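Written out below as structure tokens is the structure these notes cover.
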Amino acid sequence: MAIHYNATDQTFHLQGKHTSYVIQMIQTGVPAHVYWGPRLREQQLGRILQLQERCSFSPSSFPDDMRISLDTLPQEYPAYGAGDLRHPAYQIQRPDGSTVSEALYVGHRIIAGKPVLEGLPATYTEQDEEAWTLEVELLDQVAALKIVLSYTVFRDLDAIARSVRFENTGDAPLKLLRALSMSVDLNHSEYDLLHLSGTWARERSIERRPLASGMQGVESRRGASSHQHNPFLALLSKDASERHGEVYGFSLVYSGSFAAQAEVEPYRTTRVTMGINPFNFSWLLEPGQSFQTPEVVMVYSAEGLGGMSRTYHKLYRTRLCRGRFRDEARPVLVNNWEATYFDFTADKIEQIAKAGQELGIELFVLDDGWFGKRDSDNSSLGDWIVDKRKLPGGLEDLVQRVRSLDMQFGLWFEPEMISPDSELYRQHPDWCLHVEGRRRTQARQQLILDFSREEVCDAIAEQLEAILGSAPITYVKWDMNRNMTEIGSAGRSPERQQETAHRYMLGLYRVLERLTQAFPHILFESCSGGGGRFDPGMLYYMPQTWTSDNTDAVSRLKIQYGTSLVYPISSMGAHVSAVPNHQVHRITSLEMRGNVAMSGNFGYELDLTHFTDEEKELVKRQVEQYKQLRPLIQFGNLYRLLSPFDGNETAWIIVSEDQSEAVAFYFSVLAEPNAPLQRLRLQGLNPEADYETATGLYGGDYLMHAGLPIEGLHGDFQSLMWHFKRV
Ligand code: DGJ
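Just so we're aligned: 1484 in the numbering used here is position 559 of the sequence shown, and the numbers increase by one with no gaps anywhere.
So, in structure tokens, the structure goes:
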């Protein structure tokens, strides 16, 4: 792994474990994209770029070489207005109103390791030798705008992290109208586009379609990464599958509005861009000021989607998530939300916790409704003061009662929100996002606090610090239940109003940094009505996310499978809930609910006191089993075997890094009459090794090639689980 600069042909060669990425400076210093794919040895890489003169509708930028038009040249960070008529990666506005820019190479530096991105979540290194970073400096001389393109290539992974920094080096203000994190021009368009889309309770469904001429992609304009589209897309070779074929993945480390687009132009090349959504965005850069974009993690896999996912999983699990819980097994929890909703007392909570303790559960989480006068979702957000009607002894007393059962205690917050019916709103009616003279649109009877303002962030952080410091709380669920409307801030001048949504994210990240640093012993789980902000930005601060409000085992197969395309198992909260299920009213077996939830950070979310003795026995076994499997499940490598998007069956296997242990899960949704015989072929095992499981001893080769028979399943909603140990 290294980054090589060849001064003769002005190429930069970024070498990952099995990947190469090549950039070349063309003519006066235009950074051209030359190659991204399987690793190349150091050769004359300047020969790769193909140039050809095209018609006059692609303007000729360099009269001495009519083969070069910025409109057809594959580029690394295209500008607007000087010859490239495809969609640009950035756009500026100067005081004279002009929006043209042209930034050319002026220098570069290659450094060991990876610099931090000030104020933003990002992947990181612990030792300098884990990665190399190339910074290419471009300058738009007319605008006095410096643009630094940053590329980090990781030693042990086929991932490249890209981001951009803008600096106003002149003496006039500049406005950024568009500042994407990356752009790359691939030399053909024979790809399928894959993305993860859906809605509340149906997040991250896999959608795949062929690229077509023109623009396509996904975006969020909601002020959050969103349930609707995840900040991720991939281009797949036509033959790419779970195990085979080429895949290019793009994942944005950001939690706000984003755009991820692919443009196929007439010569059938494909431009992929990703970053903060330019819609309703601008940023004023005064002289001397700079702007840092979030980063995009780009992954190349020659081993299909499975290979791509395992690269993301490893990078995000080990070098995006931080803090002590990155490497620690996560506690098995019981959450009272679906058990009681807002209707609970301290005694009821204690009963549930006690039932949990008897079953081996380690953490009790008190969800929404413990503060203010919150008997429903129409009040009190912002008043983080315990409701003594429900908890007469206060939080300390309840925490003590739970802890005396030898269980940890966790608490729910929704810190970014404010209810119009709250003391906080009565005191500070201008603390919410709003536009003077316009309606303040409510969703779930709540408004959004203006986290783009420092004093608002500080006030909320102080309230949370007081509560978290007042009792031995070891887990926080950080919820966020609506998207942004009337995005305006009372704390900002008119020309900076369009900075509000991004400044909100920066404010939120600042608060999260402050709290996670102040309370390193607390495990933070992020949530946004389930998975409405399941993104890498949040994982930087909180190593796990509540995957979806939909806890139905069958729905969860798709949700967890889709989520696993990018996000590691250790990032997914998954709970067993009651039947009939509260979201889809389906009745599934406790066994299947357990097996689905065990394929994540395991927990229960129902009234445990209602279990029959028989159910209690099964739950006890599930909890015990999960505890044994937990290191493997949370830190192993995932291989998806059968997709719920393809049919009635789903299967996956998680294999330990050293291939000494594995756990496989198989799920069948509906029973089929007179069904064909079936075997499940595993993956990721050592073919030379032998593995023991409850049904006997098998060779790794046998398990992967001959497979296991699927037998003895009767009825709907069936599941199987095998735990393998190398002998
Ligand atoms: C939405 C979350 O996703 C749920 O789990 C629960 O915490 C509710 N909010 C509480 O209001």
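All residues carry an ideal CB built from backbone N, CA and C; glycine is no exception. Quick caveat: nothing in here was measured; it's all calculated off a predicted structure.
Three-state class that DSSP yields for R1680 in the structure shown = Within the shown structure, residues of the chain are numbered from 926 to 1652, placing residue 1680 beyond reach of any answer.
Give the secondary structure of D1272 by DSSP, where H, G and I count as helix, E and B as strand, and everything else as coil.
-> helix
Using a threshold of 8 Å, state whether the C-beta atoms of S1609 and I1578 are closer than that.
-> It is Gly, not Ser, that sits at residue 1609 in the sequence shown. In contact: G1609 and I1578 (Cβ atoms closer than 8 Å).
Could you have a look at T1441 and say whether DSSP puts it in helix, strand or coil?
-> helix
Buried or exposed (CB count within 10 angstroms, at least 16 for buried), Q1214 = exposed
Is S1150 closer than 8 Å to D1460 when the C-beta atoms are compared?
-> yes
Hey, is C1452 close to the ligand DGJ, as in C-beta under 7 Å from one of its heavy atoms?
-> yes
Assigned secondary structure, P1040 (DSSP; H/G/I helix, E/B strand, else coil) = coil
For D1404, is the beta carbon positioned less than 7 Å from some heavy atom of the ligand DGJ?
-> yes
CA-to-CA distance, T1472 to D1126, given in whole angstroms = The residue you asked about is not Asp; residue 1126 is Ala in the sequence shown. Cα to Cα, the separation comes out at about 9 Å.
Cβ distance (whole Å) where R1193 is taken to contact S1114 below 8 Å | 5 Å
Host beta strand (DSSP E) of E1397 (start-end) | Looking at the sequence itself, residue 1397 is Pro, so the reference to Glu does not match. Neither: P1397 is in no beta strand (DSSP E) and is coded neither H nor E.
Take I1286 as the anchor and find which of D1065, Q1333, F1269 and A1271 has the nearest alpha-carbon.
-> Q1333
For S981, does the count of other Cβ atoms within 10 angstroms reach 16, so buried, or fall short, so exposed?
-> exposed
Grab the span of the beta strand (DSSP E) containing A1522 for me, first residue to last.
-> Careful: A1522 lies outside any beta strand (DSSP E), inside the alpha helix (DSSP H) at L1515 to M1523.
Sorry if obvious, but does the Cβ on G1123 come closer than 7 Å to a heavy atom of the ligand DGJ?
-> no
Complete runs of the beta strand (DSSP E) confined to the region 1290-1363 [at least 3 residues] = 1333-1338
Residue burial classification, R1242 (beta-carbon count within 10 angstroms, cutoff 16) = buried
Decide if H1630 is buried, meaning its Cβ has at least 16 other Cβ atoms within 10 Å, or exposed.
-> exposed
Quick one: what's G1621 bridged to in DSSP?
-> T1618
contact_flag[the region 1089-1104, the region 989-997] where n(CB pairs < 8 Å) is 3 or more = no
Could you check what DSSP says for R1242 in three-state terms: helix, strand or coil?
-> helix
Look at the Cβ atom of R1134, then the Cβ atom of E1228, and state whether they are nearer than 8 Å.
-> no
Whether T1315 touches T1265 by CB criterion (8 Å) | The identity of residue 1315 in the sequence shown is Lys, whereas the question assumes Thr. It is not a contact, given that the beta carbons lie outside the stated cut-off.
Whole-angstrom Cβ separation of G955 and L974, contact assumed at under 8 Å?
-> According to the sequence as given, residue 955 is Val; it is not Gly. About 11 Å separates the two Cβ atoms, so there is no contact after all.
Whole-Å CB distance - Y1591 paired with L1645, under 8 Å assumed | 4 Å
Pairwise C-alpha distance: I1131 and Q1153 = 12 Å
Helix or strand or just coil, what does DSSP make of H1510?
-> coil
Tell me, which residues are paired with G1174 by DSSP?
-> A1159 and V1224
L1258 and L1284 closer than 8 Å at C-beta | no
If F1216 and F1091 are in contact, beta carbons under 8 Å, what's the gap, nearest whole angstrom?
-> 5 Å
Entirely within the region 1403-1448 and at least 4 residues each: give me those alpha helix (DSSP H) ranges in chain order.
-> 1425-1443
Bridge partners of K1100, per DSSP?
-> Q1018 and L1209
As assigned by DSSP and simplified to three states, the class of H1630 | helix
Going by DSSP, name the residue or residues bridged to T936.
-> N931 and Q949
Between the C-alpha atoms of A1068 and S1026, what's the straight-line distance to the nearest angstrom?
-> 8 Å
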